[in-house]
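Below is one structure; the comments refer to it alone.
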Amino acid sequence: MNKVNGQKVSFPTLIPESLMKISGRWEGNDNLFKLKDRHSSSFCLGATHEEVATSVMSNNIISHKTLPLCIYQISSKFRDEMNPKLGLLRGKEFLMKDMYSFDSSEENSLLTYESVCRIYHEFFHILGIDIIKIFLYGEIIECYEILYCPKCHSGINKELHGTTYSAPFQKAKFDSSKGGSEILHMGCYGLGLSRILAASVEYLSNANSIRWPFLLSPYYVSVIPPKKGSKEESVRPFADSLAESLNKISWLNSNVIIDDRTNLTIGKRLNEVSALGIPYVVVVSKPALGDIPQLEVIDVYKNQTTFLSHKETLEFF
0 MNKVNGQKVS FPTLIPESLM KISGRWEGND NLFKLKDRHS SSFCLGATHE EVATSVMSNN
60 IISHKTLPLC IYQISSKFRD EMNPKLGLLR GKEFLMKDMY SFDSSEENSL LTYESVCRIY
120 HEFFHILGID IIKIFLYGEI IECYEILYCP KCHSGINKEL HGTTYSAPFQ KAKFDSSKGG
180 SEILHMGCYG LGLSRILAAS VEYLSNANSI RWPFLLSPYY VSVIPPKKGS KEESVRPFAD
240 SLAESLNKIS WLNSNVIIDD RTNLTIGKRL NEVSALGIPY VVVVSKPALG DIPQLEVIDV
300 YKNQTTFLSH KETLEFF
């Protein structure tokens, strides 16, 4: 979000009825969780925050020199959806990054839209997730799908609302370079973070174990020392030293775990590491007893095993 000069904010979870009525989204919106306080004032839990973002703009003096203006937050959203899907994590409450852009014209709003598109593509590329773009309806309302999903809303969505929200908020305007004031043009951009996580796991995993996007895995490397009481137990200090050395590699720092449940067999621990979705395992076992100790380096996701020396193992990572 910093690449599009996004400014981080925090909006209230409770949105008053008065704001929602200005946009016309209070009535006939079955997705909203509604409640009353002790004074019988009505509120809803935030499903999105277009009204709040527009209200913030309407309460400030906006110069054309400050546009485009993008504000975003990362917070829980609440939707009483009829069929919430992706059962791993998706429910009626979910974590979302939502951003709202404000521009001086439709043309400039499209430029902001294109910039955000590039950032979202980069985001998914870094995660190593394949996506497709789906156009829904209206002017520009589209979402991205992780490949297998049959319907939308599992990943991200982008919408250009034009003046749909800013016009009803009569003060949601900016001081034009031509003199006078004009209505702001609004765009909305959402990343359903917890839903992306769930969809990614369902897309990448197999029948026996979880597979995460690499950067989201709980740890990058698990070091498995020999079982307590085994013939190779004497190389346990070697496993501890290896884990310490791996943690000194900058990109692995704090992402290496040593499985010290040495009451369990190596095979049992290997199965559990695979089930957790840790992408790499280094097993310290019988081959480490040789004159040139060998370590079993396993790429869990590719199902590939290589025997390497201590130095080669560090170079591997």
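Numbered continuously in numbering that gives the first Met the number 0, the sequence shown closes out at residue 316. The C-beta atom is built at its ideal place from N, Cα and C for all residues, glycine as well.
Bridge-paired residues (DSSP) for E295
V282 and F306.
Inter-residue Cα distance where the pair is H184 and H63:
12 Å
Taking C187 and Y119 to be in contact with their CB atoms under 8 Å, please state how far apart those CB atoms are, rounded to whole angstroms.
In fact, because the Cβ distance is near 13 Å, the residues do not count as touching under 8 Å.
When you compare each of N4, E49, R24 and K20 to F10 by their alpha carbons, which one comes out closest?
E49
Going by DSSP, what residue range makes up the alpha helix (DSSP H) through G266?
I265 to L275
Residues that DSSP places opposite E181 in a beta bridge:
F173
Would you call S273 buried or exposed, if buried means 16 or more other Cβ atoms sit within 10 Å of its Cβ?
buried
Nearest neighbour of I70, chosen from A52, R268, V296 and I265 [CA to CA]
A52
For D129 and Y202, what's the separation of their Cα atoms in angstroms?
10 Å
Our contact map puts L68 next to I61 with C-beta atoms below 8 Å; I'd like the distance itself, whole angstroms only.
7 Å
If D79 sits next to K91, beta carbons under 8 Å apart, how far is it from one beta carbon to the other, in whole angstroms?
At roughly 6 Å, the Cβ-Cβ gap stays under 8 Å, so D79 and K91 are in contact.
Among I73, E232 and Q72, whose alpha-carbon lies nearest the alpha-carbon of P286?
E232
Are there 16 or more other CB atoms within 10 angstroms of the CB of F42, so buried, or fewer, so exposed?
buried
Note down the Cα distance separating D259 from H309, rounded to an integer number of angstroms.
19 Å
Where does Y218 sit, in a helix, a strand or coil, going by DSSP?
coil
Roughly how many whole angstroms lie between the Cα atoms of G179 and E106?
20 Å
Rounded to whole angstroms, what's the CA-CA distance from F315 to S74? Just pull it up for me.
Counting only the Cα atoms, S74 lies some 38 Å from F315.
Near I256, which residues of its chain fall below 7 Å by C-beta distance, leaving aside the five closest residues on each side in sequence?
If we look at I256 and ignore the five residues flanking it on each side, its Cβ neighbours are Y218 and S221.
So what does DSSP say about K227, is it helix, strand or coil?
coil
Three-way DSSP call (helix, strand, coil) for S208 in this model:
In the three-state reduction of the DSSP assignment, S208 falls in the coil class, being assigned neither a helical nor a strand state.
Expressed to the nearest angstrom, what Euclidean distance is found between the alpha-carbon atoms of K177 and L66?
So the alpha carbons of these two residues sit roughly 15 Å apart.
With DSSP as the reference, label F316 as helix, strand or coil.
coil
Output the distance between the C-alpha atoms of L294 and S284, rounded to the nearest integer angstrom.
Cα to Cα, L294 sits roughly 7 Å from S284.
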